[in-house]
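*Asks:* My questions will all concern the structure given below.
Protein chains: 2
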Amino acid sequence: MARPRRYDHDALRTRTIEAAKLLLEEGGPAALTARALASSVKTTPGTIYNLFDSMSAVLQEVNRQALVDLAIAVDAVRETEPRERLLALAEVYVTFMLDRRAVWRALFEGPRISNNFPDWYLAQIDGLIGRITQPVAALKPKGDPRLLAEQLLLSVHGIVALAAIDRLDLITRQKPMDLAHAAVERMIAAIRAGAE
Amino acid sequence: MARPRRYDHDALRTRTIEAAKLLLEEGGPAALTARALASSVKTTPGTIYNLFDSMSAVLQEVNRQALVDLAIAVDAVRETEPRERLLALAEVYVTFMLDRRAVWRALFEGPRISNNFPDWYLAQIDGLIGRITQPVAALKPKGDPRLLAEQLLLSVHGIVALAAIDRLDLITRQKPMDLAHAAVERMIAAIRAGAE
DNA sequence: ACCATTATTGAACGATGTTCATTAACATTG
DNA sequence: CAATGTTAATGAACATCGTTCAATAATGGT
């Protein structure tokens, strides 16, 4: 009896993920179709479905890799005083998301949205909040640092999410990075004022 | 020669918009299809395209009415001191959006997204920001009240946008209304601390 | 009554995600 | 080396989608 073989299988899988990224960046969320993806890696739709459960799964895999990259970028932020650290974290977040806006955007906007978020996804976000909680706690706020960190992430994310889908200008002409800075400074000011 | 006739034409149009709302609320953005909409008002896809340019136009019309309703709700907020007024505005915004989350959601998430925002849309948003600028200005901030109002709207919108697509719990267990309150209080605290 | 104008229809087109029987390729066994 | 059992690739097929359009029906003014 024959045994499993695994060489060009895995290679094709990674090539496919890479092709998916390209399709997203070139044509937006709608460009990531099964047939386009298949022809990008010189194969057929059927094979795509052999590698992934669905097209949503392809998108999720692309996004998983992006989240891992984000975690690496966040960990590269130097240890400094809380304010500088929070500003640096916000900058990393904004820069990272806008650089990969096509990938990020597809997670919220396209026809490939999914409601099934796996555990590793939650874990990654939890880790991200943890890195924000640290400097927030160092500011000795009155309330729970974790809750404040969640609120800060939410603020910056809201800005970036709108910017990623090119709708920030519906509300303001201010730039995403300036807005993110303002959100961080406001959180710090409120904590120092003893309000939270 | 015959002249235009306009009676059941307009009636069908409003019935169609009403049916579109229902479809969105019952089955989410994906449920708003041309054929489903046609059968809801006992007609055919072709007729839908006689009434609207595209399915995106249908969604946009549904949204236009929602925005008008929001403006009415916002105008109903009583004149009080700035803090209470800002809190009340945030409450109206949160309540309104979450009540109509299906309609709202389709604007960002579904397969019917459009990048073409007409003037009335921009005007409505501009008006909304204006109502926020007023109480912010009354707090005598150091910076431009308008810019701060934009930032405040952005904060609350970010919270509501995530909540509307059921993804707020990816980041926090805090409730949308509590988060919105916190955003308002933080803005006020920062202004009073003289930071902005 | 006639006819110009308009609205409705429903079939058709191309594209989508997804499934699945068929076919080809391969590693292991005899 | 040949036979065999397992695995992967294929590409046609299905249902559904938005959208278009020639044909048909309805309508109101002349």
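First to last, the sequence lines map onto chains A and B. The numbering of the first sequence is full-length UniProt numbering, which starts it at 1 and goes up by one. The numbering of the second sequence is full-length UniProt numbering, which starts it at 1 and goes up by one. We treat Cβ as the ideally placed atom computed from N, Cα and C, and that holds for glycine.
(1) Using only the heavy atoms of the ligand PLP, determine whether one of them is closer than 6 Å to the beta carbon of A57(B).
(2) Do L37(A) and A11(A) have their CB atoms nearer than 7 Å?
(3) V160(A) and V103(A): beta carbons closer than 7 Å?
(4) Given A163(B), which residues of its chain have a CB within under 6 Å of its CB, disregarding the five upstream and five downstream residues?
(5) Going by DSSP in three states, E81(A) sits in which element: helix, strand or coil?
(6) Just verifying my parser: in three-state terms, what is the DSSP assignment at T33(A)?
(7) Determine the direct distance from the alpha carbon of V92(B) to that of A71(A), and round the result to whole angstroms.
(8) Would you be able to state if there are at least three C-beta pairs under 8 Å between the stretch 108-116 of chain A and the stretch 128-135 of chain A?
(9) Quick one: does L154(A) have its CB under 7 Å from some CB of chain B?
(10) Reducing DSSP to helix, strand and coil, say where A124(B) ends up.
(11) Assuming H181(A) and A88(A) make a contact with CB atoms under 8 Å, what is their CB distance in whole Å?
(12) Would you kindly work out how many angstroms separate the C-alpha atoms of Q65(B) and Y49(B), rounded to a whole number?
(13) Going by Cα to Cα distance, which pick from G143(A), F96(A), I171(A), V156(A) is closest to A73(A)?
(14) Report back the beta-carbon spacing between A183(B) and L152(B) to the nearest angstrom; my notes put them in contact at under 8 Å.
(15) Check whether the Cβ atoms of L154(B) and I125(A) sit closer than 7 Å, and answer yes or no.
(16) Could you pull out every residue in the same chain whose Cβ sits closer than 8 Å to the Cβ of V68(B), ignoring the five residues on either side in sequence?
(17) Could you list which residues in chain B have their beta carbon closer than 7 Å to that of M187(A), in chain order?
(18) Checking contacts by CB at 7 Å: is G158(B) closer than that to chain A?
(19) Give me, in chain order, the residues of the same chain whose beta-carbon lies closer than 6 Å to that of D178(A); leave out the 5 immediate sequence neighbours on both sides.
(20) Can you list, in chain order, the residues of its chain whose CB lies under 6 Å from that of I165(A), leaving out five sequence neighbours each side?
(21) CA-CA distance, L147(A) and A189(B)?
(22) Applying a beta-carbon distance threshold of less than 7 Å, which residues of chain A neighbour E109(B)?
(23) If you draw a straight line from the C-alpha of residue 271(A) to the C-alpha of E84(A), how long is it?
(24) Check distances from the C-beta atoms of the stretch 118-145 of chain A to those of chain B and list, in chain order, the residues that come in under 8 Å.
(25) Tell me which residue opens and which closes the alpha helix (DSSP H) that V62(B) is part of.
(26) Going by other Cβ atoms of all chains shown within 10 Å of its Cβ, with 16 needed for buried, is H157(A) buried or exposed?
*Replies:* According to the structure data:
(1) Of ligands this structure carries none, so the ligand PLP is not represented either.
(2) Looking up residue 37(A) in the first sequence gives position 37. Looking up residue 11(A) in the first sequence gives position 11. Not in contact: L37(A) and A11(A) (Cβ atoms no closer than 7 Å).
(3) For the purposes of this step, residue 160(A) is identified with residue 160 of the first sequence, where counting begins at 1. For the purposes of this step, residue 103(A) is identified with residue 103 of the first sequence, where counting begins at 1. No, they are not a contact pair.
(4) Sequence index remark: in the second sequence, residue 163(B) carries index 163 (1-based). Excluding sequence neighbours, A163(B) sits near P176.
(5) As a working note, residue 81(A) is residue 81 in the first sequence. If DSSP states are grouped into helix, strand and coil, E81(A) belongs with coil.
(6) As a position in the first sequence, residue 33(A) is number 33, starting the count at 1. Note: T33(A) maps to coil in three-state DSSP.
(7) As a first step, residue 71(A) is located in the first sequence; it is residue number 71 there, counting from the start. As a first step, residue 92(B) is located in the second sequence; it is residue number 92 there, counting from the start. The alpha-carbon atoms of A71(A) and V92(B) are separated by roughly 37 Å.
(8) no
(9) To locate residue 154(A), count along the first sequence from 1; it is residue 154. Closer than 7 Å: yes.
(10) Your numbering for residue 124(B) matches position 124 in the second sequence. Before going further, note that residue 124(B) is Gln rather than Ala in the sequence given. Looking at Q124(B) - three-state DSSP - the assignment turns out to be helix.
(11) Within the first sequence, residue 181(A) is the residue found at index 181, counting from 1. Within the first sequence, residue 88(A) is the residue found at index 88, counting from 1. That pair is no contact at about 11 Å.
(12) In the second sequence, the residue the question calls residue 65(B) occupies position 65. In the second sequence, the residue the question calls residue 49(B) occupies position 49. Straight-line Cα distance between these residues: approximately 20 Å.
(13) For the purposes of this step, residue 73(A) is identified with residue 73 of the first sequence, where counting begins at 1. With distances taken between Cα atoms, A73(A) lies closest to F96(A).
(14) Mapped onto the second sequence, residue 183(B) falls at position 183. Mapped onto the second sequence, residue 152(B) falls at position 152. Correct: roughly 7 Å between the Cβ atoms.
(15) Reading the second sequence from its first residue, position 154 is the one you call residue 154(B). Reading the first sequence from its first residue, position 125 is the one you call residue 125(A). Not closer than 7 Å, so no.
(16) Numbered from 1 along the second sequence, position 68 holds the residue referred to as residue 68(B). The answer, listed in chain order, is Q124.
(17) By one-based count along the first sequence, residue 187(A) stands at place 187. Neighbours of M187(A) on chain B, chain order: R186.
(18) Residue numbering aside, residue 158(B) sits at position 158 when the second sequence is read from its first letter. By this cut-off, G158(B) is an interface position.
(19) Counting from 1 along the first sequence, the entry for residue 178(A) is found at position 178. Here the set comprises nothing.
(20) Sequence index remark: in the first sequence, residue 165(A) carries index 165 (1-based). So the qualifying residues of the chain are R105, E109.
(21) On the first sequence, position 147 is the one that residue 147(A) refers to. On the second sequence, position 189 is the one that residue 189(B) refers to. Taking the straight line joining both Cα atoms gives about 17 Å.
(22) Within the second sequence, the letter at position 109 stands for residue 109(B). Neighbours of E109(B) on chain A, chain order: F108, E109, I113.
(23) Absent from the structure is residue 271(A), since the part of chain A shown begins at 1 and ends at 196.
(24) Y121, L122, I125, I129
(25) Reading the second sequence from its first residue, position 62 is the one you call residue 62(B). Unbroken alpha helix (DSSP H) run through V62(B): 55-75.
(26) As a working mapping, residue 157(A) is identified with position 157 in the first sequence. It is buried - the Cβ of H157(A) has at least 16 other Cβ atoms within 10 Å.
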